[in-house]
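A quick write-up on the structure given underneath.
There are 2 protein chains.
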Amino acid sequence: MSEKKPTRSELKRQAILRAAKQAFQERGVNNTSMDELAALAEVSKRTVYNHFASKEVLIITLMSELWRQATQCDGGDYEADTDLKLQLCKLIEAEIAAICSREYIELNRVAFDYFFHQPEALRQQMEKFSAYETSITRWLKAAAADGRLRDLDIEIGSKQIHNLIKGSCFWPQLMQVNPLLDQQERHMLAERTAALFLSHYRA
Amino acid sequence: MSEKKPTRSELKRQAILRAAKQAFQERGVNNTSMDELAALAEVSKRTVYNHFASKEVLIITLMSELWRQATQCDGGDYEADTDLKLQLCKLIEAEIAAICSREYIELNRVAFDYFFHQPEALRQQMEKFSAYETSITRWLKAAAADGRLRDLDIEIGSKQIHNLIKGSCFWPQLMQVNPLLDQQERHMLAERTAALFLSHYRA
DNA sequence: AGGATTTTACACTAGGTAGTTTACTTTTGG
DNA sequence: CCAAAAGTAAACTACCTAGTGTAAAATCCT
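Just so you know, the protein sequences line up as chains Z and A, in that order.
If you're matching positions, the first sequence starts at 444 in my numbering and goes up one per residue.
If you're matching positions, the second sequence starts at 444 in my numbering and goes up one per residue.
Rendered as C-alpha cells:
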C-alpha cells in the first residue's frame, strides 16, 4: 500500500507528460500547439497551465523525465584473465543497447528538435547525454595498462568505436531514415566492431 | 564580355537566395519569416514573392542551388600497382573533403531542419545526398576483386569507413557541437581510418 | 524620350499560437 | 457534509505569419 495513492492531480500531470512525449516526438515541438496537446491529453488547456507554467517549462520537464528513464547501463569491468574480444564485444553490446534504445533516441530527438538552433544549449545537452561514452573509455584504459592493447590513443580509440556504433544504430534512427536495430543486428554490429578494432590495436 | 550582364532582377534574386541561405542556416527555416528575410535581403517582400511563388518554393530552390554547389568530388580509381594504404588514404581524404565541406554541411543543415518531421521526404533527400558514398564502394570492389582485401563485405566495409569519417567530421558539425576540421585534422582522420580498416581487411 | 517591366511601401486578409480570464462544475479530504 | 482544491469550456488578448492587392516610383530597353 505504501505506493498507492496517485491523486487525480498526479494522474492529470502524467497524462499531460505522456501526451507531450507522444506529440513532440511524432509532430515536433514547434508543430504541437498547447491546444492540441491539451486535447490529446484529454485535459483542459487551463489544467496544462496549472501544472506547467509555460510550454518551455513543459519541454524541459519532459526532457528531464526522459533523461531519467533512459539513464542506466553497464557492461562490466575489465578482467585480466578473460578473452579480449569476448569482453569488448559484451561491452560494446551493452553500449549499443543503451544508445540505440527507443527511450534514448526519442529523448535525443526531442532535444535536437528543440535545440537545433541553439548550438550552445545543444552542446551542453550533448555533454550530459554523452555520459554513456565513459564505460568503454574505462575499459580501454584498463586493457592498455595491462599491456594487451598497443598503439592506442584512448580518446581516439573510444571515438572510433562510438563512431562505428552510432553511424549504424543512432544517427540514422535519430533522423528516422532507418528502423531500430533488432537483437541480432545489434549483436552482429558489436561483433564486427570489436573485430575491426582489435585487428588494429591488439598487442 | 560573354558573361557580363546580370540584370537588376537577377541581382535581386541572388540577394534573396543569399539572405535565405544565411537566415535558414543561422535561425532555421521555421524561425525565419518572409518579412525578416525580405529585410535581410534588402528587398521588398513583394519582390520576394515576385521571384518565388511561396516560401516552400524558395526553400526547395535554395536547396537545389546548394546541392549543385556542393556536388563534385573524386579521389581517383583503383590502381593495381600502387600501395593500398596510400590509395585508400587519398580516397578517404577526398571523401572527407566533400562530406565535411561547409557547403555540404550547410545544405544538410537546411534539409534536416526542413525535413526533420517528414521522415519520408527526408529519406528521399538522404538518398540524393549520399551519392557520395559510391566512390569508396567502387574502389573496395576493385581492390577485393584484385585479391588484395579479404573477408570483406563491400556494403559493411564501406559503411564502416563512412561511419568512422562522419562520426568525426559530419554529424557533430551538422549539429554545430564541433567546428569544421582543418586540413591537418582531415589528413590525420583519413590516415588512421585507412590504417584501422586495412589492419583488418588487408589480404 | 517613352513605354514596358520591376521594385517598393503599405495596407490588408485569413489564420494560427501562447497564455489569461471568467464563471461554473467536479473531486477531495478532514 | 461541506469548504477548499482542482478541473472545465469558452471567450478573449496580443501577437505573429504567409500571402495578396494596389498605386506610385525607379529602372530598363529601344
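The beta carbon of each residue, even a glycine, is placed where N, CA and C say it ideally should be.
Computed from a predicted model, the values in this text were never measured in an experiment.
Cβ pair residue i, residue j closer than 7 angstroms
i, j, result
"SER601 (chain A)", "LEU583 (chain A)", "yes"
"PHE572 (chain A)", "LEU565 (chain A)", "no"
"ALA633 (chain Z)", "ILE539 (chain Z)", "yes"
"ASN606 (chain Z)", "LEU607 (chain A)", "yes"
"ARG552 (chain Z)", "GLN468 (chain Z)", "yes"
"GLY518 (chain A)", "ALA537 (chain A)", "yes"
"ALA458 (chain Z)", "ALA484 (chain Z)", "yes"
"VAL620 (chain Z)", "MET569 (chain A)", "yes"
"ALA523 (chain Z)", "ASP589 (chain Z)", "yes"
"ARG461 (chain A)", "HIS494 (chain A)", "no"
"LEU550 (chain Z)", "LEU509 (chain Z)", "yes"
"HIS630 (chain Z)", "SER642 (chain A)", "no"
"ALA513 (chain Z)", "TYR547 (chain Z)", "yes"
"CYS532 (chain A)", "CYS612 (chain A)", "no"
"PHE640 (chain Z)", "ILE604 (chain Z)", "yes"
"ARG593 (chain Z)", "ALA646 (chain Z)", "yes"
Interface partners of residue i on chain Z, CB under 7 angstroms
i, result
"GLY519 (chain A)", "None at all; the shortest Cβ gap to chain Z is about 24 angstroms."
Per-residue contacts from residue i into chain Z (C-beta, under 9 angstroms)
i, result
"ALA587 (chain A)", "Per Cβ cutoff of 9 angstroms: no residues; ALA587 (chain A) is ~16 angstroms from chain Z at best."
"GLY590 (chain A)", "By Cβ distance, chain Z contributes nothing, its closest Cβ being about 19 angstroms from GLY590 (chain A), past 9 angstroms."
Proximal residues of chain A, C-beta to C-beta of residue i below 8 angstroms
i, result
"ILE599 (chain Z)", "ARG635"
"HIS643 (chain Z)", "ALA638, LEU639, SER642 and HIS643"
"SER611 (chain Z)", "LYS602 and ASN606"
N-terminal and C-terminal residue of the alpha helix (DSSP H) that residue i is part of
i, result
"VAL472 (chain A)", "Counting along the chain, VAL472 (chain A) falls outside any alpha helix (DSSP H), and DSSP gives it neither H nor E."
"ASN633 (chain Z)", "The question names Asn, but residue 633 (chain Z) in the sequence shown is Ala. From DSSP, the alpha helix (DSSP H) with ALA633 (chain Z) extends over 626-644."
"SER578 (chain Z)", "577-588"
"PHE572 (chain Z)", "562-572"
"LEU607 (chain Z)", "597-612"
"THR450 (chain Z)", "Note, THR450 (chain Z): premise wrong, no alpha helix (DSSP H); not H, not E."
"MET618 (chain A)", "Looking at the DSSP string, MET618 (chain A) is not in any alpha helix (DSSP H), and its letter there is neither H nor E."
"ARG489 (chain Z)", "488-494"
"ALA482 (chain A)", "477-484"
"ALA554 (chain Z)", "545-558"
"SER507 (chain A)", "498-513"
Partners in chain A for residue i, counting only beta-carbon separations shorter than 9 angstroms
i, result
"PHE559 (chain Z)", "GLY471, ARG552, PHE555, ASP556, PHE559, MET618 and GLN619"
"ASN474 (chain Z)", "ASN473 and HIS560"
Counted within 10 angstroms of its Cβ, other Cβ atoms place residue i as buried (16 or more) or exposed
i, result
"GLY610 (chain A)", "buried"
"GLY563 (chain A)", "In the sequence as presented, Gly is not what sits at residue 563 (chain A); that position holds Glu. So GLU563 (chain A) ends up on the exposed side."
"ALA587 (chain A)", "buried"
"THR475 (chain Z)", "buried"
"ALA637 (chain A)", "buried"
"SER445 (chain Z)", "Confidence at SER445 (chain Z) is low in this model, with a pLDDT of 36, below 50, so the placement of that residue should be treated as unreliable; the coordinate-derived value is given next. Classification of SER445 (chain Z): exposed, given that the 10 Å Cβ count is below 16."
"VAL500 (chain Z)", "exposed"
"ASP556 (chain A)", "buried"
"ARG635 (chain A)", "buried"
"LEU454 (chain Z)", "exposed"
"SER398 (chain A)", "What is shown of chain A runs 444 to 646, which leaves residue 398 (chain A) out entirely."
"ALA466 (chain A)", "buried"
"ALA554 (chain A)", "buried"
"ILE503 (chain A)", "exposed"
"GLN626 (chain A)", "exposed"
"GLN561 (chain Z)", "exposed"
"ALA463 (chain Z)", "buried"
"LEU529 (chain A)", "exposed"
"GLN616 (chain A)", "buried"
Beta-carbon neighbours of residue i, restricted to chain A and to distances below 7 angstroms
i, result
"ARG566 (chain Z)", "VAL620"
"GLN603 (chain Z)", "LEU607 and LEU639"
CB contact check: residue i to chain A, cutoff 7 angstroms
i, result
"PRO562 (chain Z)", "yes"
"MET506 (chain Z)", "no"
"LYS447 (chain Z)", "Caution applies to LYS447 (chain Z), whose pLDDT of 44 falls short of 50 and renders its modelled position unreliable; the value that the coordinates give is listed next. No, LYS447 (chain Z) does not count as interfacial toward chain A."
"MET444 (chain Z)", "With a pLDDT of 40 at MET444 (chain Z), under the threshold of 50, the modelled position of this residue cannot be trusted; read the value that follows with caution. By this cut-off, MET444 (chain Z) is not an interface position."
Residue i: contacting residues in chain Z (beta-carbon distance under 8 angstroms)
i, result
"TRP510 (chain A)", "Under the 8 angstroms cutoff, chain Z gives no residues; its nearest Cβ is about 17 angstroms from TRP510 (chain A)."
Interface flag, residue i vs chain Z, CB-CB below 7 angstroms
i, result
"TRP614 (chain A)", "yes"
"MET477 (chain A)", "no"
"MET631 (chain A)", "no"
"ALA458 (chain A)", "no"
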